[in-house]
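Have a look at the structure below before the remarks.
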Amino acid sequence: WEEIYRSLSTSGSQWVQIAFPERNAIAWRTEPVKAKRLAASGTLRILPGGRNQLNFLFGRTEQGFYSIAFVADYGFTVFDYRADTNEWTKLGEGVAPALRLGVSTQFKLEAAGDKLSISVGEKSWKFQLPRELPPAIYWGIGAQAGPEGAETGSAGLWIDLAVGK
Numbered sequence: 001w002e003e004i005y006r007s008l009s010t011s012g013s014q015w016v017q018i019a020f021p022e023r024n025a026i027a028w029r030t031e032p033v034k035a036k037r038l039a040a041s042g043t044l045r046i047l048p049g050g051r052n053q054l055n056f057l058f059g060r061t062e063q064g065f066y067s068i069a070f071v072a073d074y075g076f077t078v079f080d081y082r083a084d085t086n087e088w089t090k091l092g093e094g095v096a097p098a099l100r101l102g103v104s105t106q107f108k109l110e111a112a113g114d115k116l117s118i119s120v121g122e123k124s125w126k127f128q129l130p131r132e133l134p135p136a137i138y139w140g141i142g143a144q145a146g147p148e149g150a151e152t153g154s155a156g157l158w159i160d161l162a163v164g165k
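Counting in our numbering, the sequence shown runs from 1 upward without gaps.
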């Protein structure tokens, strides 16, 4: 793992991630998925604190990456981060009633070429990515910093996370 901002604990099948009050927690896997496709699945449990948000990151290159921001009691938003301009572009979102604070919720994503599908609980969505995935796909996980003046950042568990092609 390359922990840009700590902290991530990957002991066993439940990985705990906690953001700082003013800084996101970000951990990138150092070994890529060597294919132009990515599949990830597991269970999220977002714990009280911060913005109640965990992030799944993928497709990292020098140009940027994609991020799926899972927010408790709402759903998720898909973003495209462009490193050259430091801009976040919203690609789409999904309201997922199953994603509740403190409740374990299954999720799944599949990306191939410029297509992305996301399932949370029993609901599914499809999105178009602006760029095709590279032949080696770097991925990571994160927890969002707290709102201004917060005592903690977001926290949660990534349970039985499986990532491959």
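Here a beta-carbon is modelled for each residue, glycine too, at the ideal position from N, C-alpha and C.
Inter-residue distance for THR30 and ARG37 is about 17 Å (C-alpha atoms, whole angstroms). Comparing alpha carbon positions, the residue from ASP114, LYS126, GLY64, GLY102 closest to LYS108 is LYS126.
As the crow flies, the alpha-carbon of SER67 is around 25 Å from that of GLY149.
Per DSSP, the continuous beta strand (DSSP E) segment holding TRP15 begins and ends at 14-18. THR105: member of the beta strand (DSSP E) spanning 105-112, first to last residue. In this chain, the beta strand (DSSP E) harbouring SER124 covers 123-128. Note that the region 13-25 touches the region 145-161; at least 3 beta-carbon pairs, one per stretch, sit closer than 8 Å.
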